[in-house]
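Residue 1 is where the sequence shown starts when you use the working numbering, and the numbers rise one by one after that.
The structure under discussion appears below in the form of structure tokens.
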Amino acid sequence: MSDCLFCKIISGEIPAKKIYEDGDMLAFHDVNPQAPLHFLLIPKRHIGNIMELEEGDAGLAGRLLFKAQELAVALGCGEKGARFVINCKTDGGQTVDHLHIHVLGGRPLAWPPG
Ligand code: 5GP
Ligand code: ZN
1 MSDCLFCKII SGEIPAKKIY EDGDMLAFHD VNPQAPLHFL LIPKRHIGNI MELEEGDAGL
61 AGRLLFKAQE LAVALGCGEK GARFVINCKT DGGQTVDHLH IHVLGGRPLA WPPG
């Protein structure tokens with residue numbers, strides 16, 4: 001989508017510190033990290049939010065979830081764990097309308113969210 005920030009990161013129009021990339025997905029460090037490790041994992045195909053997933057996207061969604069945990073472990077969170085977050089629309093606190101999984105680790109995180 002031409003006016004989508006994360007689509008511009010995928011196309012290279014906006015730079016990002018990339019962690020992982022394949023044909024389906026891209027992981028990159030969050031520009032405003034909320035923990036020592038904070039990266040985002042996004043599908044390369046523009047999907048606005050988790051509520052726009054269709055049944056045919058189940059394989060992609062599973063691969064995203066699996067890659068999120070694989071990268072979290074590879075980046076040092078295997079022992080103490082991490083937080084995997086998907087914000088959705090206004091009440092969910094979503095600010096970029098391209099589906100993304102936040103992975104936060106490297107410090108204890110409070111619950112519940114404010
Ligand atoms: P949301 O609030 O939609 O769940 O999360 C959007 C995230 O994208 C935020 O954590 C924000 O810091 C991050 N973000 C916004 N703009 C950019 C950018 O240009 N580059 C990177 N790497 N992250 C961004
Ligand atoms: Zn997009």
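Even glycine gets a Cβ: it sits at the ideal position worked out from N, Cα and C.
- At a cut-off of 6 Å, the beta-carbon of residue 25 does not count as near the ligand ZN: no heavy atom of the ligand is closer than that.
- The beta carbon of residue 50 is closer than 7 Å to those of 86, 88, 99 in its chain, skipping five residues each way along the sequence.
- With contacts defined by Cβ atoms closer than 7 Å, residue 60 and residue 41 do not form a contacting pair.
- Taking 7 Å as the cut-off, the beta carbon of residue 77 is found no closer than this to the beta carbon of residue 46.
- The beta carbon of residue 32 sits closer than 6 Å to at least one heavy atom of the ligand 5GP.
- Cβ-Cβ distances below 8 Å link residue 1 to 7, 46, 98 in the same chain, with the five nearest sequence neighbours on each side left out; the list follows chain order.
- Partner residues in the beta bridge of residue 43, as assigned by DSSP, are 25.
- Given a length threshold of 4 residues, each whole run of the alpha helix (DSSP H) inside the region 41-85 is given here in chain order: 58-72.
- Taking the Cβ of residue 88 as the reference point, every heavy atom of the ligand ZN lies at 6 Å or farther away.
- At least 7 Å separates the beta-carbon of residue 16 from that of residue 71.
- In the DSSP assignment, residue 37 is bridged to 105.
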